[in-house]
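Residue numbers (the UniProt record's numbering), protein chains in the order written: chain A, 1 to 448; chain B, 1 to 448; chain C, 1 to 481; chain D, 1 to 481.
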Amino acid sequence: MNTSHYCPHTPEEIQEMLAAIGVSSVEELFAPIPAALRCSTFNLPVGMSEFETYAKLQAVAADNSQNLSLFIGGGFYDHIIPAAVDHLSGRAEFYTAYTPYQPECSQGTLQALFEYQTAICRLTGLDVSNASLYDGATGLAEAALMAMRATNRTKVVVDGCVSPIARKVLATYLSNQDAELVELPPLDGLLNREELAKQLDANTAAVLVQYPNVFGAVEDFSGLADQAHAAGALLVTAVYPVALGILKSPGDLGADIAVGDGQSLGNPLSFGGPSFGFIAAKKSHIRNMPGRIVGETVDKNGKRGFVLTLQAREQHIKRHKATSNICSNQSLCALRGLIFLAAIGKQGLADLARLNRDKAEYAKARLAELPGVAVLQTAPTFNEFTISLPKPAEAVVAALLDKGIAAGMPLGQFYVGSENMLVVTVTEKRSKKEIDQLVKALEVALCN
Amino acid sequence: MNTSHYCPHTPEEIQEMLAAIGVSSVEELFAPIPAALRCSTFNLPVGMSEFETYAKLQAVAADNSQNLSLFIGGGFYDHIIPAAVDHLSGRAEFYTAYTPYQPECSQGTLQALFEYQTAICRLTGLDVSNASLYDGATGLAEAALMAMRATNRTKVVVDGCVSPIARKVLATYLSNQDAELVELPPLDGLLNREELAKQLDANTAAVLVQYPNVFGAVEDFSGLADQAHAAGALLVTAVYPVALGILKSPGDLGADIAVGDGQSLGNPLSFGGPSFGFIAAKKSHIRNMPGRIVGETVDKNGKRGFVLTLQAREQHIKRHKATSNICSNQSLCALRGLIFLAAIGKQGLADLARLNRDKAEYAKARLAELPGVAVLQTAPTFNEFTISLPKPAEAVVAALLDKGIAAGMPLGQFYVGSENMLVVTVTEKRSKKEIDQLVKALEVALCN
Amino acid sequence: MQLIYEKSVSGRRGVMLPVSDVPAATDLPQNLLRSETAGLPEMSELDMVRHFTNLSRRNFSVDTNFYPLGSCTMKYNAKVLENASNLFAPLHPLTAFLPGGAELCQGALGMLYDLGQMLADITGMDEVTTQPLAGAHGEMTGMLLVAAYHKAKGNKKKYVVVPDSSHGTNPASAAMVGYEIITIPTAPYGDMDLELFKQAMSGEVAAVMMTCPNTLGLFNPHIKEIADIAHSHDALMYYDGANLNAIMGKVRPGDVGFDVVHVNLHKTFGTPHGGGGPGSGPVGVKKSLIPFLPMPRIIHDEVSGKLQIQTDNPLSIGRTANFFGNFGVMVKAYTYMIMLGREGLIQVSEQAVLNANYMKEKLKDWFDLPYTQTCMHEVVFSASKQLAQGVHAIDIAKFLIDKGYHPPTVYFPLIVKEAIMIEPTETESKATMDAFIEVMIEAAKQAEADPDSFAAMPVTMPVTRLDETRAARSQTVCCLG
Amino acid sequence: MQLIYEKSVSGRRGVMLPVSDVPAATDLPQNLLRSETAGLPEMSELDMVRHFTNLSRRNFSVDTNFYPLGSCTMKYNAKVLENASNLFAPLHPLTAFLPGGAELCQGALGMLYDLGQMLADITGMDEVTTQPLAGAHGEMTGMLLVAAYHKAKGNKKKYVVVPDSSHGTNPASAAMVGYEIITIPTAPYGDMDLELFKQAMSGEVAAVMMTCPNTLGLFNPHIKEIADIAHSHDALMYYDGANLNAIMGKVRPGDVGFDVVHVNLHKTFGTPHGGGGPGSGPVGVKKSLIPFLPMPRIIHDEVSGKLQIQTDNPLSIGRTANFFGNFGVMVKAYTYMIMLGREGLIQVSEQAVLNANYMKEKLKDWFDLPYTQTCMHEVVFSASKQLAQGVHAIDIAKFLIDKGYHPPTVYFPLIVKEAIMIEPTETESKATMDAFIEVMIEAAKQAEADPDSFAAMPVTMPVTRLDETRAARSQTVCCLG
């Protein structure tokens, strides 16, 4: 039998085990499956050694353009990841464990998640956090559902400046719920407050905004929470956690719920996943939170310890009445987020945020000097901004890809009439030299 | 002060500590160094962030030809390394600990080294092993010194078929000792037994041979131990541990001491290091062994445990009368060797050895078909063999390097008159396709 | 152990950032800036590394302990999978959506496409979406597909049928798609009660969600009949792939009537569980559901031989997540699958079932076995015998912790009183199982001889038994600054 | 824990090998084949991984515990160093020696050359060889250079002078090069007795080997005078770089008269100690010794700007090891050095000295301090006060183990009775040191109050105190099959 990887038994052991069970072959154990239902098996190829398999994966990896100079973001950001993040999240005790159902032998995961929740609370300026959601986009949808539960209302108003992908996920999540989703078209790349006022009514559960928004703008949301609250609605803010190193926190803004994608905190781009979603809220909403929550308690001797708590919200207890169906979350990615924040540190995150903005402002100023190029935003931006080009952005981006530069995300695919618009992202990893090369290459592309 | 990596103190803490010490500046602590001796410091460049540093190292790595199709060996072999080897030797508790001077809190390292010693004993068919030496070449020198101590004699006879690099290291080690080193010129790529007989006298401490030898030959050393012992000398065999998967062990041959390089057991090529040297011997020689040795014992409750033992041989106790000056050895590399052997397993090492030989025999047969190419050895070979070419090997190798193939090691640099000789190595990692490409490319090169 | 915040020192810096090579920008307006720097840890790198290394040492895990957590398939996580996944770390997902972007990620798209094909083949489905980020997310995606199917056909459907042995995620996922739940009790023989099922079925049922083998580890021999009944009402059959590890190469969900299936890559295909995730829950569907699959979808262009990306489709349910799902997890599953190959995966299921039946046979004299027939990959005991002495399943669990074993799943499935659900997986050796069996028997004996001794357990961990009520009451879920 | 051999099962296979794609060769003649397959472990990959993971958990280490092991400089091992070193894993060393090979490894050669230049700069030397594989190996290489120098000059030399506080490797290395040893006692003030040194010097002395600061942590203020005296006899000054961490940017061995110096990259330059190695011991020399350096030597060709390899030199001592030394270790040290840079390395020494003096000040009231002056990077106490109660230095060590601290070096240097040698290193935070100080004080108090309690320690480890005598007597150094 021992023809395969990771199946340990010798033929002798298999015979011993079969004898103990009282059958004469492994096949007999499959007798409960009626013969008529049995398959003639499947057609996967023959297995390989680890060496050959890894070589094959190296070839697969090599068949991608992984060395582009990245000026794209759109929710996934090319940030530095300290080496310690990989080494520590690579501790087998972390990554080969599962959900800490048995707290006494899982204090490592539990304490780390408690520390993660604390980091998220402090970053967002809110009171409570869960132990992670799948990603920022599903987090936004969960926040909308949470707000609906909290307010017992069914209307969700989302700013059209929120990431288009996240809005699609939101729409999909709400599509079969008893819910009404209203999207506010952007006004000059900002929230249309007049339209919002019209949509705030007695059935409005939540207003969903994002900062920096999809165009890169860091909007002044002063008064927005009051406006929502006056109508009995909650304010939900989607945030970019690195930007929170310097930007006003959701808590500062009076938001009730904050969500975001944690990829930028120590998780590699990895073609879009795994990442993690975070969600934080005012304390009063804790029982409406989706997902796992770790809480502090004591043991029989009064010693501090940590457990999964408020499980009565969850699917394994509450089944169809649970606050969400989520079971496995993105625990290891959240741990990476915590390690990243601990490695960079309090002042470090602020510095990192400033460094991003410095690089982006430099790029913005340089690009604005090019003939025919204009910066969209009048609002301040963080590490992402939108420029309009004198020709279709798609063509320009294609031309720069040939030079190894991913110059930005063309907006035309998301907003009608934005065919000449390009969102450019500049993280701390982009050197001045790379930025100058982008500017030069764009100049050439615009001349052609 | 806090301008640098890894120095944790805040300015406030430094002030507190200085106050506790009773000085007003860190500089005061350097007062014991006379002012006249103080340097005006050194000229290293300004430090960098981890991100920039790693990017620099990536550039340094890229400035090497690391993707050659390798048909070179010469003591360092391109073998598979199961992924588990890196993961397990990468456990921080292993690699950030030091020599297990305090056994109770170092049982992990100690038991692993005991298991390593056992693996080496079983592989070599000998009784005792130490916990590693630096590498195979210095191991050969240590074995010679050990034989001199054991026999109280000063003459060392080494077969000229032993690796030329190891022989150079041996000569260097013996150069200032009270020792006579005799090298026996090879006879058709084999040990010259007649010459050996002449050199065996009452002052001969040891005969040093290697298998497979530098030309690749697996020589029949039957009777050699008896011949050496008859003269009162010890037989020392240098061995390639992967080949011991199938080849007669030093113990089988009656050897007194076996040494070898452990790189091929789970250690990357890494431009030649770190690797490890192993040394094993008959039990009677244990007190003459160099280096650390781990021994089994019991604790106060009779529970098995492991300690560094026979330390009276060592420099930190015996100082200039020690069996060797070695202190730090290559513990982590030896651990990798053990993990490699445990991963591959008993039958696996035999299979691996056969696979190597199969690949090499295929290549040998194909190469022998080329016009003007002849195989040197009449003796059987393992995964390495010598061919003679109709033109200088250096030129041929240079031509194949241009095609990304490291075709073999030209022998001319080591043996006068061997300018047309090439040692070709074929490990299990070389696919049939790569071998066929080598043959084809060599054919072309020989026609030009 | 102190919290990382308790170890922080004001002003201490961790990892250094690059020095800026561009001019400093003018400050943002004050009204956009946060009032105070977020109270993140302030640690030296060494102290941070030591903190997390020591935290890790407070966990049981597959690499340190036998972890027979039923229904979670805690098999060995091959180390090469980690290495393989790291190969793709720098690939930005938007690359694929730039003009001509598919051309720039043929490797990644091809891997995803091949993975989908292999999963379709194993499950007997026609196409697979890799977008769902975990099993429950796959369930929700699957139910969205079911809803879209019925909507397109103009069906008016209101209910989803689940057996009472199902995972809680099944009803919860159906509820997220707006369905009401009909729960069917389990019959004494351990399968969903067939008669009650028949009575429950009607034209208003959108789907039947089944786990097969179910959470009792039993394969339902009437599965085809159930599917036929469901289809006769134009209800779709949903297969919860949580237990796929039991049946690879033996039976394919698609062949026995299932229309939608999700697969937990982190269970059956050996990717690590990460202390709670990330998982990955690809969903396979029969042809009739392909038009509704979420976007983006990877299409193999027969002419060019290249992979292309479809981003829009009028019937699509939309998007259930960013991009292509938990890509890194899929790299691991793909690596696992091509490494094991066809024979290897079949052997996985065979030995998983062998191990569970061995465990069942060796322990059935000591623990109550509510369902005695041959099980598949897991076996469910009850501590009801021990309960008579006042020893609960949770007490047995704590006993096991003190012996160095991660406990089996306890109190699930809910329908078994004092359930102890053991899933050894195929990667455990006989010696490990024999040692565990011995300890389980020791627990049974001690429950007879000294039932009071269990209350103090565990004693070998950093903490003794924790007060869960207090945690729920105090709601201390973060550490105040 | 069972030995891996005790866990083996006959016939069990581990990692699978590739299937051969070439014909099987005919068997080797029987007389060349081993009589039976070597009795290596037979484990599943999971059992093997679990074995070593659990073994690792039985170690103290820098990443888990404060590890103030004096004379070993157990500083933090930055994780990026591991990643950097892995970048060079596939580079075959013979590549450099193929025709035109230097051209194929300019990156690696350049790194080695730059590393040598930086080390030369830090130590005040003119050229560095990276070949030596550890500190002691560097010492031997250095002494071979000394011998070659004298031989070339026709000097007849017989002795090497070392202070009695020296590391055991110093006399052992000198002995390996055929020298006899003259040992100079330490004067009451902690430095080598200057008068006795002067008396010992003669034309027959080949070299004086010094560690400076010495193993008492003290910098010898007469070092220049000592060097001058040595040079007056044409004896060379050898610098044992074990304690270089104390003086970077403050004093350079080359500037105060040393001719040869070895550097322990695994101490001063942050490469991990690996449970006993690998280390790396590059040797720097003054111009007069360059002709004798071992081969191969890397040369920077000014004209082409390329690195070249010199493989032969008539005066060279030959080769002390394969190729260029422990290359992977050097990559780590290089990474560390360019990352910290000039200011960073100076700060390293400053804070290493600050930490040691803080420790000294805080503990001097509790433990006997034989030498009271300002120390450099480490401080040596004596447990002589405690010995009066019957508590030995080793007992204090075991007390510390139970408190979660790796003990300091004990019983070294040999000249201090019941020595306790503490080297905190610069990477430890004040909080860690304060906690350690508290525990040391607790030990001192307990030695007064309850000296008998120490004999049972440690109690928190997998084993209690081990019987070393029995180990030496039984000589069980491997497990019989």
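All C-beta atoms, glycine included, are put in the ideal place defined by N, C-alpha and C. For clarity, every value in this text was computed on a predicted model and none was experimentally measured.
Query                                                                                                                                                                              : Result
What are the residues that DSSP puts in a beta bridge with Leu422 (chain A)?                                                                                                       : A:Ile387 and A:Pro410
Listing by chain order, which chain B residues have their CB less than 7 Å from the CB of Thr53 (chain C)?                                                                         : Ala92
Can Gly241 (chain C) and Gly281 (chain C) be called in contact, C-beta distance under 9 Å?                                                                                         : yes
Can you name the residues of chain A whose CB is closer than 9 Å to the CB of Glu127 (chain C)?                                                                                    : Within chain A, no residue comes near Glu127 (chain C); the closest Cβ sits about 15 Å away, beyond 9 Å.
Relative to the alpha-carbon of Cys105 (chain D), which residue among B:Ala225, B:Ser270, B:Gly348 and B:Pro212 has its alpha-carbon at the smallest distance?                     : B:Ser270
Let me know the secondary structure DSSP gives Arg366 (chain B) once reduced to three states.                                                                                      : helix
Could you spell out where the beta strand (DSSP E) holding Gly284 (chain C) opens and where it closes?                                                                             : Val283 to Val285
Measure the CB-CB distance between Glu127 (chain D) and Val251 (chain D) and report whether it falls below 9 Å.                                                                    : no
By how many angstroms is the C-alpha of Phe30 (chain A) removed from the C-alpha of Ala24 (chain D)?                                                                               : 38 Å
So what does DSSP say about Ser173 (chain D), is it helix, strand or coil?                                                                                                         : helix
To be precise: take each residue of the segment 44-74 of chain D, compare its Cβ to all Cβ atoms of chain C, and keep it if any distance is under 7 Å. Which residues remain?      : Ser44, Glu45, Leu46, Asp47, Val49, Arg50, Thr53, Asn54, Arg57, Asp63 and Thr64
If Lys321 (chain B) sits next to Ile435 (chain B), beta carbons under 8 Å apart, how far is it from one beta carbon to the other, in whole angstroms?                              : Incorrect: roughly 53 Å between the Cβ atoms, too far for contact.
I'd like to know if the segment 131-148 of chain D and the segment 175-193 of chain D are in contact, where contact means that at least 3 CB-CB pairs between them fall below 8 Å. : yes
Taking only beta-carbon atoms, is Ser89 (chain A) less than 9 Å away from chain B?                                                                                                 : no
Would you please verify whether the beta carbon of Gly345 (chain B) is less than 9 Å from any beta carbon of chain D?                                                              : yes
Between the Cα of Ala206 (chain C) and those of C:Ile229, C:Met16 and C:Pro458, spot the shortest distance and give me the residue it belongs to.                                  : C:Ile229
Would you say residue 483 (chain D) reaches chain C, if we count a Cβ-Cβ gap shorter than 9 Å as a contact?                                                                        : Here chain D covers residues 1 to 481 and nothing more, so residue 483 (chain D) does not appear.
Under three-state DSSP, which class holds residue 487 (chain C)?                                                                                                                   : Because residue 487 (chain C) is not part of the residues shown, which for chain C are 1 to 481, the question remains open.
Please report whether the beta-carbon of Ser418 (chain B) lies at a distance below 9 Å from any beta-carbon of chain D.                                                            : no
Please give me, in chain order, every unbroken run of the alpha helix (DSSP H) with length at least 4 that falls completely inside the segment 230-278 of chain B.                 : 250-253
Output the distance between the C-alpha atoms of Gly390 (chain D) and Asp299 (chain A), rounded to the nearest integer angstrom.                                                   : 39 Å
Taking the C-alpha atoms as reference points, what is the distance between Ser284 (chain A) and Leu335 (chain A)?                                                                  : 26 Å
Alpha carbon to alpha carbon, how far is Thr186 (chain C) from His406 (chain C)?                                                                                                   : 28 Å
Tell me the DSSP bridge mates of residue 468 (chain B)?                                                                                                                            : Since the first and last residues shown for chain B are 1 and 448, residue 468 (chain B) lies out of range.
Does the pairing of the segment 29-43 of chain A with the segment 52-60 of chain C give three or more beta-carbon distances under 8 Å?                                             : no
To the nearest angstrom, how far is the alpha carbon of Met461 (chain C) from that of Ile184 (chain D)?                                                                            : 53 Å
The segment 5-27 of chain A: which residues have C-beta closer than 9 Å to a C-beta of chain G, in chain order?                                                                    : Of the protein chains in the structure, A, B, C and D, none is chain G.
Can you confirm whether Pro41 (chain C), when its beta carbon is compared against all beta carbons of chain A, has any partner nearer than 9 Å?                                    : yes
Quick one, which residues of the UniProt domain "Glycine dehydrogenase C-terminal" (349-447) of chain C are near chain D if we go by CB-CB under 9 Å, in chain order?              : Thr427, Glu428, Ser429, Lys430, Ala431 and Thr432
Report, in whole angstroms, the separation of the C-beta atoms of Leu126 (chain A) and Ala225 (chain A), which I expect to be a contact under 8 Å.                                 : Rounded, the Cβ-Cβ distance is 12 Å, inconsistent with contact.
Per DSSP, what kind of secondary structure is Met1 (chain B) in: helix, strand or coil?                                                                                            : For Met1 (chain B), the pLDDT reaches just 35, beneath the cut-off of 50, and the residue's location in the model is therefore unreliable, although a value from the coordinates is still provided. Coil at Met1 (chain B), not helix or strand.
Go through its chain and collect everything with a Cβ distance to Thr427 (chain D)'s Cβ below 8 Å, but skip five positions before and after it.                                    : Lys75 and Tyr76
Tell me whether Gln347 (chain B) sits in a helix, a strand or coil according to DSSP, three-state version.                                                                         : helix
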